Amino acid sequence: DEIGDMSLSTQAKLLRVLQERYIQRLGGKENIPINVRVIAATHRELENAIAQKTFREDLFYRLNVVTIQLPPLRQRSEDIPGLVRYFLQKYGNELGIHTSIQSDALEYLREQPWPGNIRELENVVRQAMLVARRYTITVEHIRQVMTKNFAVADKTDGSLSAWIGELLTKAKRGEADRIYAKVFDGMERELFTQAIQLARGNQAKAARWLGISRLTMREKLTAFGLRPGMDDGEESGD
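Residues in the sequence shown are numbered consecutively from 15, following this note's numbering.
Below is the structure:
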């Protein structure tokens, strides 16, 4: 995934593996033969990366046997219902939250531009499940997530600093206020969202990771509308 971001030194190692068809375990000396097929993905124009000397031309031609151009999600909105159902099942099992989505909410998702493509859609569905609290996901749940998810939602430029700069530019023009509170509210909400998701809904475990009390954890989850399916009882083993 994202092979265009691979360092030149790792590119050289991968090229050697593909050419010689063997590997060595880390710290080992034995050559281990391999027989593999490689699927590589990137959002970058690798021809430009070759011209800029950031991607090896020999590796490019070794990999570029069959090329599949995958259009952005906004150009294949018919795929969104199937993807949403998959994410509902995936995170339903992971978070213990089994819910559904209203048809108008699904249509609302199909109308969005999705600059972050499938990963952005996945992030929105996952957070909407937490916001909906086991109820059917509505358009309002989706809007709440998409308007409050300031800090980590995939953006066109993928940069938190660029988003903050955008807020400050609007403030200079008199179009925004409370920048300080807005930034920290967005960052804090995302921190608790990520913690409770990684803890699979276990509030006690998430609180321990963040170094706060379980009472504070509950208060923050309530304030941000994040109420996972698992209660805050004793932790299960990792």
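The C-beta atom is built at its ideal place from N, Cα and C for all residues, glycine as well.
Treat the numbers as computed from the prediction; the structure is a model and nothing was measured.
Among the residues of its own chain, which have a CB less than 6 Å from the CB of residue i, if the five just before and after it don't count?
i	result
Arg140	Tyr105
Leu123	Ile94
Looking at residue i: is its Cβ nearer than 7 Å to the Cβ of residue j?
i	j	result
Ile37	Ile53	no
Ile111	Arg148	yes
Ile115	Leu87	no
Val153	Asp118	yes
Gly225	Leu109	no
Gly18	Ala65	no
Ile210	Ala221	no
Is it right to say residue i is buried, meaning 16 or more other beta carbons lie within 10 angstroms of its own, or is it exposed?
i	result
Glu134	buried
Gly42	exposed
Met231	buried
His57	exposed
Phe69	buried
Glu34	exposed
Val276	Residue numbering for the chain in the displayed model covers 15 to 252; residue 276 lies beyond these limits and cannot be assessed.
Leu77	buried
Leu212	exposed
When the Cα atoms are used, what is the spatial distance from residue i to residue j?
i	j	result
Val79	Arg228	54 Å
Trp128	Thr150	22 Å
Arg90	Ile46	42 Å
Thr161	Thr207	15 Å
Thr24	Phe238	42 Å
Glu16	Ala55	5 Å
Val98	Glu136	8 Å
Ala146	His155	6 Å
Leu182	Arg203	20 Å
Leu102	Gln126	18 Å
Lys234	Asn107	24 Å
Gly96	Leu120	10 Å
Tyr100	Phe198	32 Å
Lys27	Thr81	22 Å
Val50	Lys67	27 Å
Leu205	Glu44	44 Å
Gln217	Leu144	13 Å
Met201	Ala142	17 Å
Leu40	Trp223	31 Å
Thr236	Thr113	19 Å
Between residue i and residue j, how many whole angstroms is the CB-CB distance? I'm expecting something under 8 Å.
i	j	result
Leu29	Asp93	Actually they do not touch by this definition, with Cβ atoms about 34 Å apart.
Phe74	Leu60	5 Å
Leaving out five residues before and five after residue i in sequence, what residues of the same chain have Cβ atoms less than 8 Å from its Cβ?
i	result
Val31	Ile37, Ile48
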